[in-house]
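In what follows, a structure is listed as structure tokens, so that the remarks can point back to it.
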Ligand SMILES: *Cc1c(COP(=O)(O)O)cnc(C)c1O
């Protein structure tokens, strides 16, 4: 491969995704739960369609998206698994979703009525998952309004209540008291639904709760981040990060001791050294704020990025090692062998690895897929 085609590339290993999904689905199956993998935000930056296909091959039976458009793109690309989408603005017409068999979420009477109206126009009942706010205070119906929402849904022949569901605020802190408090409210909401004559499925667990709280698996679990191989909980898990961000060296040069490097001259060579120029920068997703505090994997070891990260370029200090133009540079990957990871970037930046991988969906960054053995 030429250096040009590897200027900025994320490589997604679909065999890692299948491995992760198989692990998650088998944990869920121990509790009798099915697995809905979350592929919102273009599969957390990994590409929703290839991820969806790999996940279904590995045992996922449902796919979850944030918007109806995301779900429809999957359906229209031939994905036949059950689809659930949960957050749209009031201008969105649900009728095409109902026609394509996409399950929809309702958190309020307004949303329920818009779905029921779309069902009438589609000429089909809508599959609805009623969302109860158990304490995240984001979307979801407050407990005080829940009996009215449940009664309206139970009475409307245009909607089929498939499930009740909710989302946890602190599942990534396994002993956080809010988890049990939310579980208790979820049970109360379920009791109300049952008393209204409904027999809904239940789903509550994201990746972290799937990994740490088998008692909260209910009928369906909704892992996102763990499917991509990033572990949201403190305990070790056999997850494989699927995304590698790589580039290649375009130029190497010797500089003399005392020479300074990149904008602002923030770094000065203490001795004669070799620099490798890598043609990626903040326009490709390398945060400028990591200038001088990140490493890359190059020539079989970690090496420091020196000086400022520019829009299109960064520089790596290679000491006296001889490296050639075209050599592969890994910005982050699965960490095997000690290379940098998305988690390491996130820790340095004071964020979570979700944000790092999701931000890699960029027009300038080529996305390619690796299958097992290729
Ligand atoms: C994003 C999301 C998930 C997945 O969360 P992870 O922490 O990535 O496992 C599950 N459910 C809902 C409602 C979400 O928005």
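In the numbering used here, the protein residues as written are 3 to 376.
We treat Cβ as the ideally placed atom computed from N, Cα and C, and that holds for glycine.
Practice task
Output the boundary residues of the alpha helix (DSSP H) element that contains residue 281.
Solution key: Counting along the chain, residue 281 falls outside any alpha helix (DSSP H), and DSSP gives it neither H nor E.
Problem - Residues surrounding ligand 1 [beta-carbon distance to nearest heavy atom under 7 Å] - result: 40, 42, 66, 68, 88, 169, 208, 209, 210, 224, 225, 226, 227, 228, 234, 356
Exercise for the section: Report all residues from its chain with a CB closer than 7 Å to the CB of residue 248; omit the five preceding and five following residues, and keep chain order. Expected result: 8, 11, 13, 330, 331, 332, 333
Practice task
For residue 106, name the three-state secondary structure that DSSP assigns.
Solution key: strand
Problem - For residue 354, the first and last residue of its enclosing beta strand (DSSP E) - result: Segment: none, residue 354 is in no beta strand (DSSP E) and carries neither H nor E.
Exercise for the section: Look at the alpha carbon of residue 212 and the alpha carbon of residue 262, and state the distance between them as a whole number of angstroms. Expected result: 50 Å
Exercise for the section: Look at the Cβ atom of residue 280, then the Cβ atom of residue 308, and state whether they are nearer than 8 Å. Expected result: no
Practice task
Please classify residue 167: does DSSP put it in a helix, a strand, or coil?
Solution key: strand
Problem - Element boundaries [beta strand (DSSP E), containing residue 371] - result: 368-372
Handout entry: Cβ-Cβ distance between residue 114 and residue 155 below 8 Å
Key = yes
Problem - Cβ neighbour criterion (16 or more within 10 Å) applied to residue 4 - result: Below a pLDDT of 50, predicted positions are generally treated as unreliable, and residue 4, at 43, falls in that range; the measurement from the model is reported next regardless. Exposed, by the Cβ-count rule.
Handout entry: DSSP bridge partner residues for residue 66 (one or two, in chain order)
Key = 40, 86
Problem - Reference residue 67, options 245, 41, 289, closest by Cα - result: 41
Practice task
Would you give the residue range spanned by the beta strand (DSSP E) that residue 132 belongs to?
Solution key: 128-133
Practice task
From the DSSP output, in three-state form, read off residue 263 for me.
Solution key: strand
Practice task
Output yes or no for whether 8 Å exceeds the beta carbon distance between residue 137 and residue 87.
Solution key: no
Problem - CB contact flag (residue 292, residue 347, <8 Å) - result: yes
Practice task
Below 8 Å on the Cβ atoms is my guess for residue 16 versus residue 373; work out the distance and round it to an integer in Å.
Solution key: 6 Å
Practice task
Note the first and the last residue of the continuous alpha helix (DSSP H) segment covering residue 100.
Solution key: 97-101
Problem - Element boundaries [alpha helix (DSSP H), containing residue 214] - result: 209-214
Practice task
With a 10 Å radius around its C-beta and 16 neighbouring C-beta atoms as the bar for buried, classify residue 236 as buried or exposed.
Solution key: exposed
Handout entry: Delimiting residues of the beta strand (DSSP E) encompassing residue 303
Key = 303-308
Exercise for the section: Measuring alpha carbon to alpha carbon, tell me which of 80, 127, 216 ends up nearest residue 176. Expected result: 216
Handout entry: residue 363 (DSSP reduced to helix, strand or coil)
Key = coil
Exercise for the section: Would you list the one or two residues that DSSP bridges to residue 245? Expected result: 14
Exercise for the section: Decide if residue 255 is buried, meaning its Cβ has at least 16 other Cβ atoms within 10 Å, or exposed. Expected result: exposed
Handout entry: Reduced DSSP category for residue 330 - H, G, I as helix; E, B as strand; rest coil
Key = strand
Practice task
Report the rounded CA-to-CA distance for residue 277 versus residue 258, giving the unit in angstroms.
Solution key: 11 Å
Exercise for the section: Name the residue from 204, 283, 39 whose alpha carbon lies nearest to the alpha carbon of residue 367. Expected result: 283
Exercise for the section: To the nearest angstrom, report how far apart residue 148 and residue 52 are at their CA atoms. Expected result: 38 Å
Problem - DSSP state of residue 33 mapped onto helix, strand, coil - result: coil
Exercise for the section: Have a look at the DSSP bridge pairing and note the partners of residue 251. Expected result: The partner list for residue 251 (beta bridge, DSSP) is empty, contrary to what the question assumes.
Exercise for the section: Could you pull out every residue in the same chain whose Cβ sits closer than 6 Å to the Cβ of residue 345, ignoring the five residues on either side in sequence? Expected result: 355
Problem - Cβ-based neighbour list, residue 45, same chain, cut-off 6 Å, excluding 5 preceding and 5 following - result: 53
Problem - beta strand (DSSP E) segment containing residue 319, residue limits - result: 316-319
Problem - Inter-residue Cα distance where the pair is residue 224 and residue 186 - result: 19 Å
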